[in-house]
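One structure below.
2 protein chains.
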Amino acid sequence: MANPLAEPLNPLVHEPAPLRNKIMNSLRRAIETGALEPGTRLVEKDLCEKLNVSRTSLREALRQLQAEGILTDLNNRGLTVTTVTRSDAENIYRIRSVLEPLIVEQFVENAPDDEVQALKAHSEVLKKAYLGGNAEEIVASKRDFYDRICTGARNPIAFDLLKKLTLLTSPLRRRSVVRKDRQSQSIIEIEAIVSAILKRDKAAAKAAAEKHVSNSAISALRPSEGDAKASR
Amino acid sequence: MANPLAEPLNPLVHEPAPLRNKIMNSLRRAIETGALEPGTRLVEKDLCEKLNVSRTSLREALRQLQAEGILTDLNNRGLTVTTVTRSDAENIYRIRSVLEPLIVEQFVENAPDDEVQALKAHSEVLKKAYLGGNAEEIVASKRDFYDRICTGARNPIAFDLLKKLTLLTSPLRRRSVVRKDRQSQSIIEIEAIVSAILKRDKAAAKAAAEKHVSNSAISALRPSEGDAKASR
DNA sequence: ATCACACGCTTGTCATACAAACAAACTCGC
DNA sequence: GCGAGTTTGTTTGTATGACAAGCGTGTGAT
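In the order they appear, the protein sequences are chains D and S.
If you want the working numbering, it's the position in the first sequence, counting the first as 1, plus 1082.
If you want the working numbering, it's the position in the second sequence, counting the first as 1, plus 1082.
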């Protein structure tokens, strides 16, 4: 049998990749990695020079990111990287704690056996990444894991929402991933999800998914520092 | 006692309302009311002339609506009003059926008594609107009802998501609102939600909210016409 | 020290221009 | 008549330059 991890040779969409998309990806990446911290002011002219693009394209990209909630509009004084307050973060985790169980449920309903097998195989890779301890690798592997579940669930809309929500809390998550205790706990939780999925046990899978989000929330929100000014 | 329906004299935010926001509202409204049907191609030059704005501002508004999912990008051939496939609609209702119970739960947790009373009072207005049968009035009143719940829940992020999701299915909902049988059913379901909220009974309120979404879904998806081409 | 004013920086909006992608019409050879 | 290739027109993508308006800050006068 072929390696179930192998991608089915993606059709290679000949994406013309408009400039604004590249800009968006670049900025998203910067926020995700922490190169742009929450609260940073984004000055159009500076960004144009740094990215070497025209103001037109840049502004279109900014508008799109703004609509995604990643950037916040100060009234007439430009954009900043959205600062997620504690209350925002709690709300985001609360939303995730109903959305992710839904996705897992739909995965059980809709994913064909080969995707289930591939997920199982990938969960082993993820586990190894956790044990390896390389943060980069963990994050990448976990994202891949999520992608598989969301794709298998056949609910692209929820997938989209989740991507945006998790991006908003990426500053929090970055701190939480490096915690050793959280890592070993994550492994257990994920294995619970996978094993329930293998049995096609919807209720158990949902419960495991919810537990996983709840615990992530606890870990991410633990520091309990006073929350900053309002968000939007 | 003062009329609990009275608004507390909103602070009247001096919104400079950038042109692009007006454009967005205008387009959103057009889609919501059906003036722009799903699948309609949006040609920049035409819109500029109709709205009497420059291409720059228009394009920024379009990008923002695109990020919200209301507009879909054909590769290099412009934007269309997003066509929601049957599968998309099912997924949207499925998401709503977990999000709305969450919101209702948070309303029970967080809304102060006066907001609960105001909600109760408004539910009577909504009921009258249903009995009156004027579609415009029903929609407006129902939106107001939802706004109160979402605001009271203190979860602006979920509020935002719900607004976007419901806008996507507005073509479906428009057809469903006029159904007499659905209307009387709606009244009952909403009263169930309100009465559970009054008792501050989280579990019952959640259950009632979920039931309401499920039934809305059944009604909206009933026609069961073959779904069109892919969405995005 | 305070108030008012002026200046600079930044965003909001517009007009214009040109390249590139795409679709449709059109032409020419068979 | 018909198909292949070419031309043409429409539409989007990107860049540039310009100017008004909003906001913050510094300066100067009192």
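By construction, the Cβ of each residue, glycine as well, lies at the ideal position given by its N, Cα and C atoms.
Kindly list, in the order they appear in chain D, the residues whose Cβ is closer than 7 Å to that of residue i.
i	result
residue 1145(S)	1142, 1145 and 1146
residue 1107(S)	Residues of chain D passing the Cβ test: none, with the nearest at roughly 14 Å.
Inspect the beta-carbon positions of residue i and residue j and report whether they are closer than 8 Å.
i	j	result
residue 1144(D)	residue 1153(D)	yes
residue 1163(S)	residue 1116(S)	no
residue 1200(S)	residue 1236(S)	no
residue 1179(D)	residue 1292(D)	yes
residue 1316(S)	residue 1232(S)	Outside the shown range of chain S, which is 1083 to 1314, sits residue 1316(S), and nothing can be said about it.
residue 1189(S)	residue 1234(S)	yes
residue 1171(S)	residue 1303(S)	yes
residue 1271(D)	residue 1290(D)	yes
residue 1244(S)	residue 1181(S)	yes
residue 1264(S)	residue 1301(S)	yes
residue 1240(S)	residue 1192(D)	no
residue 1294(D)	residue 1269(D)	no
residue 1212(D)	residue 1220(D)	yes
residue 1147(S)	residue 1208(S)	no
residue 1251(S)	residue 1198(S)	no
residue 1114(D)	residue 1249(D)	yes
residue 1149(D)	residue 1150(S)	yes
residue 1187(D)	residue 1262(D)	no
When burial is assigned at 16 or more other CB atoms within 10 Å of the CB, is residue i buried or exposed?
i	result
residue 1102(S)	buried
residue 1158(S)	exposed
residue 1260(D)	exposed
residue 1299(D)	buried
residue 1214(S)	exposed
residue 1136(S)	exposed
residue 1307(D)	Low confidence applies to residue 1307(D): its pLDDT is 46, below 50, so where it sits in the model is not reliable, and the reading given next is rough at best. Residue 1307(D) comes out exposed.
residue 1194(S)	exposed
residue 1287(D)	buried
residue 1176(D)	buried
residue 1099(D)	exposed
residue 1217(S)	exposed
residue 1247(D)	buried
residue 1156(S)	exposed
residue 1126(D)	exposed
residue 1266(D)	exposed
With respect to the alpha helix (DSSP H) encompassing residue i, which residues constitute its N-terminal and C-terminal limits?
i	result
residue 1163(D)	First-last for residue 1163(D): 1161-1163, but that is the beta strand (DSSP E), not the alpha helix (DSSP H).
residue 1176(S)	1168-1192
residue 1251(S)	Here residue 1251(S) belongs to no alpha helix (DSSP H), and DSSP marks it neither H nor E.
residue 1277(S)	1262-1280
residue 1115(S)	1101-1115
residue 1198(S)	1195-1214
residue 1304(S)	No alpha helix (DSSP H) holds residue 1304(S); DSSP gives it neither H nor E.
residue 1221(D)	1217-1235
residue 1119(S)	Careful: residue 1119(S) lies outside any alpha helix (DSSP H) and carries neither H nor E.
residue 1128(S)	1126-1133
residue 1142(S)	1137-1149
I'd like the span of the beta strand (DSSP E) that includes residue i, first residue to last.
i	result
residue 1154(D)	1153-1155
Name the chain S residues whose beta carbon is nearer than 7 Å to that of residue i?
i	result
residue 1150(D)	1149
Check distances from the C-beta atoms of the segment 1159-1186 of chain D to those of chain S and list, in chain order, the residues that come in under 7 Å. Considering only beta carbons, the part of the segment 1159-1186 of chain D lying closer than 7 Å to chain S consists of 1170, 1173, 1174, 1176, 1177, 1180, 1181 and 1184, in chain order.
Could you list the residues in the segment 1231-1260 of chain D with a C-beta less than 7 Å from some C-beta on chain S, going in chain order? 1237, 1239, 1240 and 1243
Listed from N- to C-terminal order along the chain, which residues in the segment 1104-1138 of chain D have their beta-carbon within a distance smaller than 8 Å of any beta-carbon of chain S? 1138
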